[in-house]
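Take the sequence shown: its letters are residues 582 to 857, numbered as in our numbering. A virtual CB, placed ideally from N, CA and C, is assigned to each residue, including glycine. Please read all numbers here as calculations on a predicted model, not as lab measurements.
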Amino acid sequence: MYVLGIVGSSDAGKTTLVDRFAERLGARGRVATVKHLNEPPAVSTAGTDADRYRDVGVDATYGITDDGGWFATGEDRALEDVLADLAPEYDYALVEGFDDARIPQVVLGERDHGGPALAESPDTAAVDVDGVLEALEATEPHVTLETLISRVKRSPRADRAGAIATFTGRVRERDSADDAPTEALEFETYEGVADRRLNALREELESRDGVYEVRMHHRTGVIETGEDIVFVVVLAGHRGEAFRTVEDGIDRLKEEVPIFKKEVTTDEEFWVHTRN
Numbered sequence: 582m583y584v585l586g587i588v589g590s591s592d593a594g595k596t597t598l599v600d601r602f603a604e605r606l607g608a609r610g611r612v613a614t615v616k617h618l619n620e621p622p623a624v625s626t627a628g629t630d631a632d633r634y635r636d637v638g639v640d641a642t643y644g645i646t647d648d649g650g651w652f653a654t655g656e657d658r659a660l661e662d663v664l665a666d667l668a669p670e671y672d673y674a675l676v677e678g679f680d681d682a683r684i685p686q687v688v689l690g691e692r693d694h695g696g697p698a699l700a701e702s703p704d705t706a707a708v709d710v711d712g713v714l715e716a717l718e719a720t721e722p723h724v725t726l727e728t729l730i731s732r733v734k735r736s737p738r739a740d741r742a743g744a745i746a747t748f749t750g751r752v753r754e755r756d757s758a759d760d761a762p763t764e765a766l767e768f769e770t771y772e773g774v775a776d777r778r779l780n781a782l783r784e785e786l787e788s789r790d791g792v793y794e795v796r797m798h799h800r801t802g803v804i805e806t807g808e809d810i811v812f813v814v815v816l817a818g819h820r821g822e823a824f825r826t827v828e829d830g831i832d833r834l835k836e837e838v839p840i841f842k843k844e845v846t847t848d849e850e851f852w853v854h855t856r857n
């Protein structure tokens, strides 16, 4: 899922620009929107079952109508939680008003922003929508483990599969109690080379007997302690070939795909390959 943020002052016309992007992207795939609100929406649950359930300690309540409508109440959620929910089912997410988010952004007017600016413009009319969308396609998509699981489940050979095995690599804070804590890892690749090696590895793994689909994704950029780095997902006929292929997949990804890692600890920062 590609994520695009739109930030600017309250009168900058962010919603109008979201509409323009949504109309264009709707022809390419499924689009979701997320808007920052300065106050809760005007939805009252007073006197309802939802209100009563929350009084006795229920964290979230959902209501679904016969025609597919729905509502939900519950605890506050961060933007990253919402994007994680959307990623398996949507191709694009348009995020309005989250200035500090580390996502590609269109910046209207003079505005501080947390993510890289794909465009900066004094007003919405001057934004080159096609240019922004071309730049967006060159960014790293928002991929989660659930995204890859959802994709392999849609395989045309899923009816023959009895196993899905997965691996998730994450940033650990330390190897031992005496280590300086790791604050973040930064990953870089040669443009295009890593993708070609990764695709070749995936195709080779998929050629194995009993393996029906393989999906792998390695994030780049700065990834903080506790965050996920890499995913391997294998759809197979049985658990044996699924487990073996997951293990081979991550081992060979680390050996064969040129991805360079910088470690940032509380004491120092260094490129890991220069220490070997």
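{"query": "Residue from Val710, Gly586, Arg755, Arg609 whose Cα sits closest to the Cα of Glu844", "result": "Arg755"}
{"query": "Under 8 Å between C-beta atoms of Leu717 and Tyr583", "result": "yes"}
{"query": "Inter-residue spacing [alpha-carbon to alpha-carbon] between Ala659 and Asp790", "result": "42 Å"}
{"query": "Nearest neighbour of Thr720, chosen from Glu772, Asp740, Leu689 [CA to CA]", "result": "Glu772"}
{"query": "Helix, strand or coil at Phe679 [DSSP, three-state]", "result": "coil"}
{"query": "Residue(s) in a DSSP beta bridge with Leu816", "result": "Ile745, Glu794"}
{"query": "Simplified DSSP assignment, three categories, for Glu629", "result": "Just to set this straight, residue 629 is Thr in the shown sequence, not Glu. The answer is coil: DSSP assigns Thr629 none of H, G, I, E or B."}
{"query": "Three CB pairs or more closer than 8 Å across the stretch 773-785 and the stretch 826-834", "result": "yes"}
{"query": "Secondary structure, alpha helix (DSSP H): runs of 4+ residues fully inside the stretch 696-725", "result": "710-718"}
{"query": "Beta carbon of Leu689 nearer than 8 Å to that of Thr705", "result": "yes"}
{"query": "Any 3 or more C-beta pairs closer than 8 Å across the stretch 635-653 and the stretch 679-697", "result": "no"}
{"query": "Distance between Val588 and Asn619 (C-alpha atoms, nearest Å)", "result": "14 Å"}
{"query": "Three-state secondary structure (DSSP) of Leu585", "result": "strand"}
{"query": "Spatial distance of Val599 from Val663 (CA atoms)", "result": "18 Å"}
{"query": "Where Ile645 falls, given that 16 or more other Cβ within 10 Å makes a residue buried", "result": "exposed"}
{"query": "Close beta carbons around Val724, own chain, < 6 Å, minus the five adjacent residues each side", "result": "His798"}
{"query": "Leu689 - containing alpha helix (DSSP H), residue span", "result": "That residue, Leu689, is in no alpha helix (DSSP H); its beta strand (DSSP E) goes 686-689."}
{"query": "Own chain residues within Cβ distance below 8 Å of Pro703, not counting five before or after", "result": "Leu689, Gly690"}
{"query": "Endpoints, alpha helix (DSSP H) assigned at Leu667", "result": "660-667"}
{"query": "Distance CB(Ala781)-CB(Ile840) smaller than 8 Å", "result": "no"}
{"query": "First through last residue of the alpha helix (DSSP H) which encompasses Thr646", "result": "First-last for Thr646: undefined, no H or E at that position."}
{"query": "Beta-bridge partners of Val615, as assigned by DSSP", "result": "Val676"}
{"query": "Cβ-based neighbour list, Lys616, same chain, cut-off 7 Å, excluding 5 preceding and 5 following", "result": "Glu677, Gly678"}
{"query": "Buried or exposed by the 16-neighbour rule on C-beta atoms within 10 Å, applied to Tyr643", "result": "exposed"}
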